[in-house]
Every structure is written in structure tokens, then in C-alpha cells.
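Report on the following structure.
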Amino acid sequence: AQSVTQLDSQVPVFEEAPVELRCNYSSSVSVYLFWYVQYPNQGLQLLLKYLSGSTLVKGINGFEAEFNKSQTSFHLRKPSVHISDTAEYFCAVSGLGGSYIPTFGRGTSLIVHP
Amino acid sequence: DTGVSQNPRHKITKRGQNVTFRCDPISEHNRLYWYRQTLGQGPEFLTYFQNEAQLEKSRLLSDRFSAERPKGSFSTLEIQRTEQGDSAMYLCASSPPGRGNQPQHFGDGTRLSIL
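In order, the protein sequence lines correspond to chains A and B.
Residue numbering for the first sequence follows this note's numbering, starting at 7 and increasing by one per position.
Residue numbering for the second sequence follows this note's numbering, starting at 33 and increasing by one per position.
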């Protein structure tokens, strides 16, 4: 079985400040990890993914995430946020050798203030 | 890549009525997924197709829910005898063949409101 915990339901931040959205997972097998973004009344869009190799993954819109196997974490970071980054962010995990169906976290609402 | 298309975008119906949603996946994607999303939650898995075969169903999927994917192309999700608790966003996603390493492409969802 696999599960995802997004530790913060809401993260308020000022424009141009750095931000980190936290994600921890549990799985009995090796995993693939994803971050998605959802804007109001839209579906989810892929921000970035970790499949293997380098633990630092770069995605779209200036976001990056670091896979930490010992801490079972995959935190999302951006050095300087914009108003347009205000959205819901979801971490997801799918298991290598297990179910191909990803499990999503509850989401973190990023609110960027001017 | 024309994206995943879902229709209708919004559906308002009275309790007890039946509703059907349609999803058109990206044409070369053989995997199709249905999720339900309520306010403040992540997508919850409902069911999964590989081509025309429905390979997995969540325990969340009561017998009032049925999904089909004839000929492995578009899919429909039907809810019979709708209840207030069925109010949610229903998301469809598709992905190409792979071993869990393929990200999903989501449609914009169908928002269901039960009066």
C-alpha cells in the first residue's frame, strides 16, 4: 500500500518570497513521484516528476523538487513566487512493481499575496 | 495533442435522477482513469481502464456507479439514483502505456451538483 501526506493544507506567502510545499510518502516498493498544480475550475497539470536518477528534479514555471529516500520526502520549492502561482498543489506517488494507479495527497493551497 | 476533453463541464440535477458524463482521452493513450474530487481534497480514484478492459475499481464505487469504455476510446461514467453525497468534481485522466512512470493528463472535470 502507498500513501501521501501533505503536511500543510494552506501556505500563505508574499510575492517574490521563496516557498516550500512539503510532501511525505510511504510505500513498500520503489516509487515514482509527481507534483501537479490545479487552478480553479480546471484539471490537474503536471509540474514535475521523479522517476530515477538525480534526486533534484526541475519542472515548469521555475519549480523544483528534491527526492529524499531516507526521509521519504519529495518537497516542492520555488525561489521566488508570483501572484500567478496561487493555486492548489498535489503530490502523488505510484508504485514500481505495484499498482500503477497513483495516490494523491490532500493538496496544499498556495496563496501568494502582493 | 488535443488534451483530455470532458462533457458536460457542469451538471445540476435533482436527487434521484441519473446522470452520465463523457470523457475523450488523448487518442494515443490506452489508459483511462476516473477520479472524484471534493472541496479541499485530492482526487480519489474511482476506476481504471486499459484499452476497453476495466481493470480496477475502488471500493468507493458503489453499485450506483458504472463506467464503460467501448472500443477503448471514449469513456462514460453513469451515476444512477443520485444522492446529495455525489456532489463533487468528477475528473478523467489518461496516460500512455508504462509501468506507473507515465504522468496522467487530466481533463477539466465535470462538476456535479445535486439539488
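Note that CB positions come from ideal geometry on N, CA and C, so glycine has one too.
Since the structure is predicted, the reported quantities are computational estimates derived from the model, not experimental observations.
Under the three-state DSSP convention, the category residue i falls into
i: ASP56 of chain B; result: strand
i: SER76 of chain A; result: coil
i: GLN38 of chain B; result: strand
i: GLN49 of chain B; result: coil
i: PRO18 of chain A; result: strand
i: GLN134 of chain B; result: coil
i: ILE66 of chain A; result: helix
i: GLN48 of chain A; result: coil
i: GLN86 of chain B; result: strand
Residues near residue i in its chain [Cβ-Cβ closer than 6 Å; skip 5 each side]
i: GLN16 of chain A; result: SER115
i: LEU62 of chain A; result: GLU72
i: LEU147 of chain B; result: LYS46
i: TYR80 of chain B; result: TYR65, LEU87, GLU88
i: PRO85 of chain A; result: PRO24
i: GLN8 of chain A; result: SER33, VAL99, GLY101, THR109
Beta-carbon neighbours of residue i, restricted to chain B and to distances below 8 Å
i: LEU82 of chain A; result: Within 8 Å Cβ-Cβ: nothing; LEU82 of chain A doesn't reach chain B, min ~14 Å.
i: GLN48 of chain A; result: ASP140, GLY141
i: LEU191 of chain A; result: Residue 191 of chain A cannot be examined here, being either before or after the span of chain A that is shown, 7 to 120.
Own chain residues within Cβ distance below 8 Å of residue i, not counting five before or after
i: TYR67 of chain B; result: PRO75, GLU76, PHE77, LEU78, TYR122, LEU123, CYS124, ALA125
i: VAL19 of chain A; result: VAL25, VAL87, LEU116, ILE117, VAL118, HIS119
i: ASN62 of chain B; result: GLN82, ASN83, GLY104, PRO128, PRO129
i: GLY141 of chain B; result: GLN38, ARG41, GLN69, MET121, TYR122, LEU123, CYS124
i: GLU60 of chain B; result: PRO128
Where the beta strand (DSSP E) through residue i begins and ends
i: GLY72 of chain B; result: Unbroken run through GLY72 of chain B: none, as it is neither H nor E.
i: GLU94 of chain A; result: 93-101
i: TYR31 of chain A; result: 30-33
i: THR142 of chain B; result: 142-146
i: VAL87 of chain A; result: Unbroken run through VAL87 of chain A: none, as it is neither H nor E.
i: THR108 of chain B; result: 107-111
i: THR11 of chain A; result: 8-11
i: THR114 of chain B; result: Unbroken run through THR114 of chain B: none, as it is neither H nor E.
i: TYR106 of chain A; result: Element bounds for TYR106 of chain A: n/a, residue is neither H nor E.
i: HIS119 of chain A; result: 114-119
i: LEU123 of chain B; result: 120-127
i: LEU92 of chain B; result: Note, LEU92 of chain B: premise wrong, no beta strand (DSSP E); not H, not E.
i: LEU57 of chain A; result: Counting along the chain, LEU57 of chain A falls outside any beta strand (DSSP E), and DSSP gives it neither H nor E.
Close-in-space but distant-in-sequence residues of the same chain around residue i (CB under 7 Å, 5 per side omitted)
i: VAL10 of chain A; result: CYS29, TYR31, CYS97, ALA98, VAL99, THR109, PHE110, GLY111
i: LEU93 of chain B; result: LEU78, THR79
Contacts of residue i in chain A (Cβ-Cβ under 7 Å)
i: GLU88 of chain B; result: ILE107
i: GLY74 of chain B; result: PHE96, PHE110, GLY111, ARG112, GLY113
i: TYR2 of chain B; result: A question about residue 2 of chain B goes unanswered here, because the residues of chain B that appear run from 33 up to 147.
i: PHE77 of chain B; result: ILE107
Beta-carbon neighbours of residue i, restricted to chain B and to distances below 9 Å
i: LEU13 of chain A; result: Neighbours of LEU13 of chain A on chain B: none; closest Cβ ~14 Å, over 9 Å.
Residues that residue i contacts on chain B, provided the C-beta gap is smaller than 7 Å
i: LEU62 of chain A; result: Within 7 Å Cβ-Cβ: nothing; LEU62 of chain A doesn't reach chain B, min ~18 Å.
i: LEU52 of chain A; result: PRO135
* Cβ pair count under 8 Å reaching 3, the stretch 97-108 of chain B against the stretch 12-26 of chain A -> no
* To do: Answer yes if the stretch 107-118 of chain B comes into contact with the stretch 51-59 of chain B, meaning at least three C-beta pairs across the two stretches below 8 Å, and no otherwise.
  => yes
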